[in-house]
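J.: In this note's numbering, the protein residues as written are -9 to 230. Each residue gets a CB set at the ideal place from its N, CA and C atoms; glycine is no exception.
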């Protein structure tokens, strides 16, 4: 890219509509790419779109700060997007009511395992306390995870990175892992995806079936609320 072209792009990058429009376009392209290759989970649209954005910023020389200002509207839309999960939840109300013991068991196992497995692995590799508490809320949706991270003394930027990585790994490998261990019940699969890989996993579950998506959305929501309450309380008890 010539110096003149770079200057032109940088001037355009200051316009929020350019950053926002480019991000949406790249995500749409990522979805089309996945469909082109038969819906391969390896080509997860979120992961591919992130790689596209990073490559675009590197090629154009645009700063991340400028880009972040341009797409500031997108995090605002997470709220309405999560609210829309009420639709499959409402449609599956009867099944959800009949699955109370399964939901309780999934949360009882998934919430502590999601925290302890990641924190334990990082601790074994010698991670500092600040890193450990930043990793702890990795399995809840970004908005809640950042708030929890701040409450327990973590680094929000590091937490957000682990949240995204966790969601992508869960969305890519979750269904295959479930098949590998013999899980065929879409309720169990949905709960595992939602509790373990939050919104990105829920998006993947919705493409599997409405039942999986509904239970994933429920698992994500309950896990987020419980983590927001229990993790800071646990940290207070451990480090009064």
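Between the segment 175 to 182 and the segment 191 to 201, can you find at least three pairs of beta-carbon atoms closer than 8 Å?
T.: yes
J.: Mapping DSSP to helix, strand and coil, what is residue 34?
T.: To locate residue 34, count along the chain shown from 1; it is residue 44. Of the three classes helix, strand and coil, the one that applies to residue 34 here is coil, per DSSP.
J.: Look at the alpha carbon of residue 164 and the alpha carbon of residue 216, and state the distance between them as a whole number of angstroms.
T.: By one-based count along the chain shown, residue 164 stands at place 174. By one-based count along the chain shown, residue 216 stands at place 226. Residue 164 and residue 216: Cα-Cα distance of roughly 22 Å.
J.: Straight-line CA distance for residue 128 to residue 50?
T.: For this step, residue 128 is matched to residue 138 along the chain shown. For this step, residue 50 is matched to residue 60 along the chain shown. The straight-line gap from Cα to Cα measures roughly 31 Å.
J.: Can you give me the C-alpha to C-alpha distance between residue 102 and residue 56, rounded to a whole angstrom?
T.: In the chain shown, the residue the question calls residue 102 occupies position 112. In the chain shown, the residue the question calls residue 56 occupies position 66. Those two C-alpha atoms are separated by around 38 Å.
J.: Going along the chain, which unbroken runs of the alpha helix (DSSP H) with 4 or more residues stay wholly within the segment 143 to 202?
T.: 146 to 170, 176 to 198
J.: Check the Cβ-Cβ distances between residue 110 and every residue of chain C, and say whether any is below 8 Å.
T.: Here there is only one protein chain, and chain C is not present.
J.: At what residue ranges does the segment 43 to 94 contain a whole run of the beta strand (DSSP E), taking only runs of 3 or more?
T.: If we require 3 residues or more, the segment 43 to 94 turns out to have no beta strand (DSSP E) run fully inside it.
J.: Report the residue from 208, 213, 219 whose alpha carbon sits nearest the alpha carbon of residue 83.
T.: For this step, residue 83 is matched to residue 93 along the chain shown. Checked all of 208, 213, 219; the closest Cα to residue 83 is 208.
J.: Ordered along the chain, which non-local residues of its own chain (more than five positions away) have a Cβ less than 8 Å from that of residue 150?
T.: Here residue 150 refers to the residue found at position 160 of the chain shown. So the qualifying residues of the chain are 132, 135, 136.
J.: Looking only at its own chain, which residues have a Cβ that is under 7 Å from the Cβ of residue 17, when we skip the five neighbours before and after it?
T.: For the purposes of this step, residue 17 is taken as the residue at position 27 of the chain shown. For residue 17, same chain residues with a beta-carbon under 7 Å away, outside a window of 5 residues either side, are 35, 39 in chain order.
J.: Out of 120, 143, 190, which has the shortest C-alpha to C-alpha gap to residue 153?
T.: Position 163 of the chain shown holds residue 153. Checked all of 120, 143, 190; the closest Cα to residue 153 is 190.
J.: Could you check whether residue 185 and residue 111 sit closer than 8 Å to each other, using their CB atoms as the reference points?
T.: Mapped onto the chain shown, residue 111 falls at position 121. Mapped onto the chain shown, residue 185 falls at position 195. The Cβ atoms of residue 111 and residue 185 lie no closer than 8 Å to each other.
J.: In three-state DSSP terms, what is residue 131?
T.: By one-based count along the chain shown, residue 131 stands at place 141. Correct three-state label for residue 131: coil.
J.: Please report how far the alpha carbon of residue 115 lies from the alpha carbon of residue 7, in whole angstroms.
T.: To locate residue 115, count along the chain shown from 1; it is residue 125. To locate residue 7, count along the chain shown from 1; it is residue 17. Between residue 115 and residue 7, the C-alpha separation is close to 43 Å.
J.: Would you tell me roughly how many angstroms separate the C-alpha atoms of residue 54 and residue 91, rounded to the nearest one?
T.: In the chain shown, residue 54 corresponds to position 64, counting from 1. In the chain shown, residue 91 corresponds to position 101, counting from 1. So the alpha carbons of these two residues sit roughly 45 Å apart.
J.: Please list, in chain order, all residues of the same chain as residue 23 whose beta carbon is under 7 Å from its beta carbon, the five residues on each side excluded.
T.: Taking the chain shown and counting its residues from 1, one reaches residue 23 at position 33. Excluding sequence neighbours, residue 23 sits near 33, 38.
J.: Between 126, 62, 46, 108, which lies nearest to residue 225 when the distance is taken from Cα to Cα?
T.: What you label residue 225 is simply residue 235 of the chain shown in a count that begins at 1. For residue 225, the nearest C-alpha among the options comes from 126.
J.: Can you list, in chain order, the residues of its chain with a C-beta nearer than 6 Å to that of residue 148? Leave out the 5 residues immediately preceding and following it.
T.: The sequence position of residue 148 within the chain shown is 158, counting from 1. So the list reads 124, once near-sequence residues are dropped.
J.: Compare the C-alpha of residue 206 against each of 182, 106, 227, 159 and name the closest.
T.: As a position in the chain shown, residue 206 is number 216, starting the count at 1. Of 182, 106, 227, 159, the residue nearest in Cα terms is 182.
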